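These notes are about the structure you will find just below.
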């Protein structure tokens with residue numbers, strides 16, 4: 135018997151006209167492990183930590199939410 139698992143349940147290749155295929159947020163490019171988190175209000179900078187989103191960090195100076203430096207430059 136022929137292996138049809140690559141065709142899903144129907145046994146035929148897909149012909150979908152799906153709307154996916156986009157690159158997602160930030161055009162699919164991550165910013166990497168380095169860089170800084172910056173406060174948009176006061177400009178305080180802290181080193182970005184791998185695995186921690188800048189938006190989860192509060193500014194040590196004024197308490198506002200920080201953002202990734204690359205996003206602030208846009």
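Residue numbers (my numbering): 135 to 208.
Ideal Cβ placement from N, Cα and C applies to all residues, glycine included.
Since we're looking at a predicted model, the values are computed, not measured.
Going along the chain, which residues of its own chain have a beta-carbon closer than 8 Å to the beta-carbon of residue i, five neighbours each way excluded?
i	result
residue 192	198, 199, 200
residue 184	167
Out of the options, point me to the one whose CA is closest to residue i's CA.
i	options	result
residue 186	206, 204, 171	171
How big is the Cα-Cα spacing for residue i and residue j?
i	j	result
residue 196	residue 176	7 Å
residue 202	residue 190	11 Å
residue 206	residue 178	12 Å
One question on the structure: do residue i and residue j come within less than 8 Å of each other, judged by their Cβ atoms?
i	j	result
residue 188	residue 182	yes
Apart from the five residues just before and just after residue i, which ones in its own chain have a Cβ nearer than 6 Å to its Cβ?
i	result
residue 180	171
residue 169	182, 203
residue 194	none
*Pick out the complete beta strand (DSSP E) segments inside the stretch 173 to 202, 3 residues or longer, and give them in chain order.*
Counting only runs of 3 or more, we get 179 to 181, 200 to 202.
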